[in-house]
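Since the structure comes first, as structure tokens, the remarks are kept for the end.
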Ligand SMILES: [Zn+2]
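If you want it as structure tokens, here you go:
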């Protein structure tokens, strides 16, 4: 019954009702999303959003931890911080990690409730409310900054704050810039149950995984650790949810795609716990470009046919 209801809501524009169903029936809603992923993978991608200077300062330590565990990862970077902190970003490129264009200024970075987010240099505009010309400028400027400072030509993108601030208006822009993918949509709101899909103009979208306890939200460190009254702040809780997701995907197929904020993931110990789990899990962890190659090389196995 719940499954049927969710399937029905999933077809329409009933996002508020879908979220209400997720609150009332989290387990059934989580399973409904994950069941739609069966037959894909299993694969895992791990990414970091380098939004604030405190995150950028954590990068060398995050980078060396990932190298120690031999885990591939992707980093969504902001042009203005690449200009201000070139060395911290250069170490990512030198270690072979993938960088995503996260715009030049990360619109809407300012937040009055958090000391680290009150800087006068932080944007107060919303990305989704920028006119198309401004959106394009944010993406183009970050691209040029990466090339100029790091000698790195990005081919992947993440919308600032993704989810509800993401807009399909970016796909034609990304397509024109020869970008190959974005990772900006929530699995619960995606048309293919959370597995990667072609979003338009040859650009692929890699949806972010649901939180098993809040399936129409995303399992990430902001939701779990960073925001005021975090949803999963007890030590080990975020990792337990990640393990729940990973075991589900390993057992039935599917896709784990989570993002973490470098500073909080590191300081909380959750990053190390997640890496400890991944080391023994047998999950295949790739960066987005390598996953895309795998999908394109074997479409009959990995493409979701839909129902
Ligand atoms: Zn949650």
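Residue numbers (our numbering): 57 to 363. Yeah, the Cβ is synthetic: ideal placement off N, Cα and C, and Gly gets one too.
Mind checking which residues open and close the alpha helix (DSSP H) that includes residue i?
{"i": "residue 336", "result": "326-337"}
{"i": "residue 150", "result": "142-150"}
{"i": "residue 188", "result": "188-201"}
{"i": "residue 205", "result": "Counting along the chain, residue 205 falls outside any alpha helix (DSSP H), and DSSP gives it neither H nor E."}
{"i": "residue 88", "result": "82-91"}
{"i": "residue 229", "result": "226-232"}
{"i": "residue 120", "result": "115-125"}
Under 7 angstroms: does the beta carbon of residue i sit that close to some heavy atom of ligand 1?
{"i": "residue 280", "result": "yes"}
{"i": "residue 245", "result": "no"}
{"i": "residue 287", "result": "yes"}
{"i": "residue 270", "result": "yes"}
{"i": "residue 95", "result": "no"}
{"i": "residue 267", "result": "yes"}
{"i": "residue 219", "result": "no"}
{"i": "residue 273", "result": "yes"}
Can you name, in chain order, every residue of its own chain whose Cβ lies under 7 angstroms from the Cβ of residue i, other than the five neighbours on each side?
{"i": "residue 67", "result": "Residue placement at residue 67 cannot be trusted, given a pLDDT of 49 that sits under 50; what the coordinates show is reported in the next sentence. For residue 67, where only same-chain residues beyond five positions count, there are no Cβ hits under 7 angstroms."}
{"i": "residue 309", "result": "93, 94, 95, 96, 97, 98"}
{"i": "residue 361", "result": "In this prediction, residue 361 has a pLDDT of 34, which is less than 50 and means its spatial position is unreliable; nothing more can be read from the coordinates."}
{"i": "residue 363", "result": "Unreliable placement is indicated for residue 363, whose pLDDT of 30 sits below 50; no coordinate value is reported for it."}
{"i": "residue 301", "result": "265, 268, 275, 312"}
Select from the options the residue whose C-alpha is nearest the C-alpha of residue i.
{"i": "residue 248", "options": "229, 336, 89", "result": "89"}
{"i": "residue 347", "options": "169, 212, 292", "result": "212"}
{"i": "residue 317", "options": "299, 153, 236, 277", "result": "277"}
{"i": "residue 186", "options": "215, 328, 295, 267", "result": "215"}
{"i": "residue 150", "options": "205, 184, 103, 193", "result": "205"}
{"i": "residue 352", "options": "259, 81, 106", "result": "259"}
{"i": "residue 180", "options": "190, 172, 165", "result": "165"}
{"i": "residue 103", "options": "177, 299, 262", "result": "262"}
{"i": "residue 169", "options": "320, 236, 282, 292", "result": "282"}
{"i": "residue 291", "options": "219, 172, 330", "result": "330"}
{"i": "residue 324", "options": "80, 118, 107, 81", "result": "118"}
{"i": "residue 230", "options": "301, 191, 218", "result": "191"}
{"i": "residue 124", "options": "339, 341, 328, 240", "result": "328"}
{"i": "residue 108", "options": "80, 217, 121, 334", "result": "217"}
{"i": "residue 148", "options": "106, 174, 189", "result": "106"}
{"i": "residue 334", "options": "307, 315, 350, 299", "result": "299"}
{"i": "residue 322", "options": "301, 285, 120, 86", "result": "120"}
{"i": "residue 221", "options": "183, 122, 175", "result": "183"}
{"i": "residue 349", "options": "266, 288, 232, 237", "result": "237"}
Starting from residue i, trace the beta strand (DSSP E) both ways and give me its first and last residue.
{"i": "residue 105", "result": "99-105"}
{"i": "residue 254", "result": "253-256"}
{"i": "residue 272", "result": "270-274"}
{"i": "residue 165", "result": "Segment: none, residue 165 is in no beta strand (DSSP E) and carries neither H nor E."}
{"i": "residue 156", "result": "154-157"}
{"i": "residue 298", "result": "Premise fails: residue 298 lies in the alpha helix (DSSP H), 293-308, not in any beta strand (DSSP E)."}
Could you name the residues of the same chain whose beta carbon sits closer than 8 angstroms to that of residue i, not counting the 5 residues immediately before and after it, in chain order?
{"i": "residue 202", "result": "133, 135, 138, 155, 157, 208, 209, 210"}
{"i": "residue 343", "result": "101, 128, 129, 130, 153, 154"}
{"i": "residue 193", "result": "160"}
{"i": "residue 224", "result": "255, 256"}
{"i": "residue 173", "result": "108, 165, 166, 167"}
Can you find the residues in the same chain that come closer than 6 angstroms, C-beta to C-beta, to residue i, ignoring five residues on each side of it along the sequence?
{"i": "residue 326", "result": "294, 295"}
{"i": "residue 255", "result": "227, 261"}
{"i": "residue 305", "result": "98, 312"}
{"i": "residue 319", "result": "110, 111, 114"}
{"i": "residue 340", "result": "99"}
{"i": "residue 239", "result": "214, 262"}
Within 8 angstroms of any Cβ in chain D, is that where the Cβ of residue i sits?
{"i": "residue 162", "result": "The structure shown has no chain D; it contains just one protein chain."}
Inter-stretch contact at 8 angstroms, needing at least 3 Cβ pairs: the stretch 189-203 / the stretch 148-163: yes
Do three or more CB pairs link the stretch 141-155 to the stretch 101-120 at distances below 8 angstroms? yes
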